[in-house]
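Trainee: A single structure is presented below for examination.
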């Protein structure tokens, strides 16, 4: 201290030295051992590094050009945040019974604390208040959902949504369109893409139905800790080619992506896109071949990838997750005849062979409201199961749905052993939740099944099929066959009884097990 009482410098208990507006930290971390100095601006951005040999690495301007005196003034007034730019005042928050405090101005956005969730967390907002989000880990995960009616939550029956209250305030977001738009019936109001709201299903363009969107976003947010923006651009009763490039659905999704990228940039957050496809019924009805549908899946994924790279100015691979078709009703046929779910098989095969496509759920254990659509509880559960796979994958890039490991399948004597991936907890045969269609959903070609057993958990989980004799089976399928005229779902649909023991209960009240995917394997 000077004799006048003016502070010259201050050393904190953590060892950092503050002199005027300059703060210096001392570190012996190996990650910075090659550097003698690292210079950052007031926002924590590195602009110069000095190596131990004296070499200077210039990353940005010596004197960063963000002059705080040019920023709008921000303040907390009666528990809400305002921004004043010249003579223009903008109400950033207008929350009742909430304490929004300690705003700090930056060039493009402001940060503040809010206890809207109960505890104080950091939030960001643009100066017009239109884009507002939890800061979380500074990533904005964008769930880009497309497909036909099961994507926006369609049904021939009137049913109320499950998710009527936002679960994580501004940690899970939707555009003001709400989380879903069905381009079969809806016209996109682009002005609604200029702002976001806490995600729930009873708002926006289609407020009268549940979709998988909110459940999916909730699980991704819970598992990763990231802020999630979810948008669904679907089209009921529409083949995959007609939701691809050139369609109104694809154009609408493109505008959603562009708005999401702009939002992330304005808030200083990193944009993380993930695509989800929930589709198949229309191509099943049209008799589309396995190979043609597989090609269309990759084409659609690549088209979305191109849109994202154009919007971000980056070159990155887009991963697509799939809610697998698990229903043979769309295939038609004479009542009582056996039908095969070729589209579900196509989705399995493409996910098996394409490193950028992943299965995320099988729908046969969900409750259905009619011959092709889930109930609101089914949609919410479907979203949460898919979201758990997506969230797990974002964390470690290895998480998958419950799928067979084809390379590990062994047929020896009278047994066929099938190891599985994606198992959480014990592998289980459950005939209470899904009625046994016979052999728990397995069918052999060229041989006869005597029994089916499961064992193990996690990476050790496996299925053992015992044949009646040593005759070689040439193929094995699971949950891929159904009876024409019988409704889908866990009692009469194309189905199987194998699941894992993933814990948790959906907001719908249903369990969050991973069900073994629909597949057909040549042996």
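Numbering (our numbering), first residue to last: 12 to 534. Each residue gets a CB set at the ideal place from its N, CA and C atoms; glycine is no exception. All values derive from a computational prediction rather than experimental measurement.
1) Considering only their Cβ atoms, is the gap separating residue 396 from residue 525 smaller than 9 angstroms?
2) Would residue 154 pass as a contact of residue 290 if the rule is Cβ separation under 9 angstroms?
3) Report yes or no: do three or more beta-carbon pairs, one from the stretch 372 to 386 and one from the stretch 485 to 500, lie closer than 8 angstroms?
4) Quick check on the burial criterion: 16 or more other C-beta atoms within 10 angstroms. Buried or exposed for residue 166?
5) Buried or exposed: which applies to residue 387, given that a residue is buried once 16 or more other Cβ atoms fall within 10 Å of its Cβ?
6) Helix, strand or coil: how does DSSP classify residue 441 here?
7) Mapping the DSSP letters down to three states, classify residue 435 as helix, strand or coil.
8) What are the boundary residues of the beta strand (DSSP E) that includes residue 128?
9) Pairs of beta-carbons, one from the stretch 124 to 141 and one from the stretch 172 to 187, closer than 8 angstroms: are there three or more?
10) Look up residue 375 in the DSSP assignment and say whether it is helix, strand or coil.
11) Please tell me whether residue 237 has its Cβ less than 9 angstroms away from any Cβ of chain D.
12) In whole angstroms, what separates the C-alpha of residue 72 from that of residue 63?
13) Quick check on this structure: which residue in 283, 346 and 115 has the alpha carbon closest to the alpha carbon of residue 323?
14) Which same chain residues end up closer than 7 angstroms to residue 521 when comparing Cβ atoms and leaving out the 5 residues on each side of it in sequence?
15) Which residues share a DSSP beta bridge with residue 478?
16) What does the Cβ neighbour count give for residue 243, buried or exposed, with the cut at 16 atoms within 10 Å?
17) How is the beta strand (DSSP E) around residue 185 delimited, first residue to last?
18) For the alpha helix (DSSP H) that contains residue 243, what are its first and last residues?
19) Are the CB atoms of residue 318 and residue 264 nearer to each other than 9 angstroms?
20) Using the C-alpha atoms, what's the distance from residue 357 back to residue 304?
21) Taking its Cβ as the centre, do 16 or more other Cβ atoms sit within 10 Å of residue 74, making it buried, or is it exposed?
Mentor: Once the coordinates are examined:
1) The criterion of a C-beta distance shorter than 9 angstroms is satisfied by residue 525 and residue 396.
2) The Cβ atoms of residue 154 and residue 290 lie no closer than 9 angstroms to each other.
3) Taking 8 angstroms as the limit for Cβ pairs, the verdict is that the stretch 485 to 500 does touch the stretch 372 to 386.
4) Around the CB of residue 166, 16 or more other CB atoms lie within 10 Å, so the residue is classed as buried.
5) Counting Cβ neighbours within 10 Å, residue 387 comes out buried, since at least 16 surround it.
6) Here residue 441 sits in coil by DSSP.
7) Residue 435 falls in the coil class under three-state DSSP.
8) No beta strand (DSSP E) holds residue 128; DSSP gives it neither H nor E.
9) Short answer: they touch.
10) Looking at residue 375 - three-state DSSP - the assignment turns out to be coil, as it is neither helix nor strand.
11) No chain D appears in the structure shown, which is made up of a single protein chain.
12) Interpretation of residue 72 is limited by its pLDDT of 49, a score under 50 that renders its predicted location unreliable; the figure taken from the coordinates is listed afterwards. When only Cα atoms are considered, residue 72 and residue 63 end up about 21 angstroms apart.
13) Checking every option, the nearest Cα to that of residue 323 belongs to 283.
14) Closer than 7 angstroms at the Cβ level, and outside the excluded window around residue 521, lie 388 and 392.
15) Paired residue(s): 460.
16) Around the C-beta of residue 243, 16 or more other C-beta atoms lie within 10 Å, and the residue is accordingly described as buried.
17) Residues 183 to 186.
18) For residue 243, there is no enclosing alpha helix (DSSP H); the residue is part of the beta strand (DSSP E) that begins and ends at 238 to 245.
19) Against a cut-off of 9 angstroms, the Cβ pair of residue 264 and residue 318 comes out as a contact.
20) Answer to the nearest angstrom: the Cα atoms are 7 angstroms apart.
21) Because the pLDDT at residue 74 is just 48, under 50, the model does not fix this residue reliably, and the point stays unresolved.
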